[in-house]
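Trainee: Below is a structure I'd like to ask you about.
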Amino acid sequence: MIKELLGHAHIGVTAGVYAHVRLRLQRDAIDTLSNALGEAIDGNDDPSAAAVVR
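The sequence shown begins at 8 in my numbering and counts up by one.
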């Protein structure tokens, strides 16, 4: 099982670590998409001009 390979005593530790990483990656992807869509809609080439919504 993965928890043993990683040296975690409980599966909850493994699940908590990877759930956190997955959530961060999802937020990063949403921010990237939001920036890209903001540029396309506004016609602005400056990525810092797009508002980030969380």
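Idealized CB from N, CA, C, for every residue including glycine.
With DSSP run on the structure shown, which of helix, strand or coil describes residue 14?
Mentor: In this structure, residue 14 counts as coil in the three-state DSSP scheme.
Trainee: Is the beta carbon of residue 32 sitting closer than 8 Å to the one on residue 21?
Mentor: Their beta carbons are not under 8 Å apart, which means residue 32 does not touch residue 21 by this criterion.
Trainee: What number of angstroms, rounded off, separates the C-alpha of residue 44 from the C-alpha of residue 38?
Mentor: Using only the alpha carbons, I get a separation of about 10 Å.
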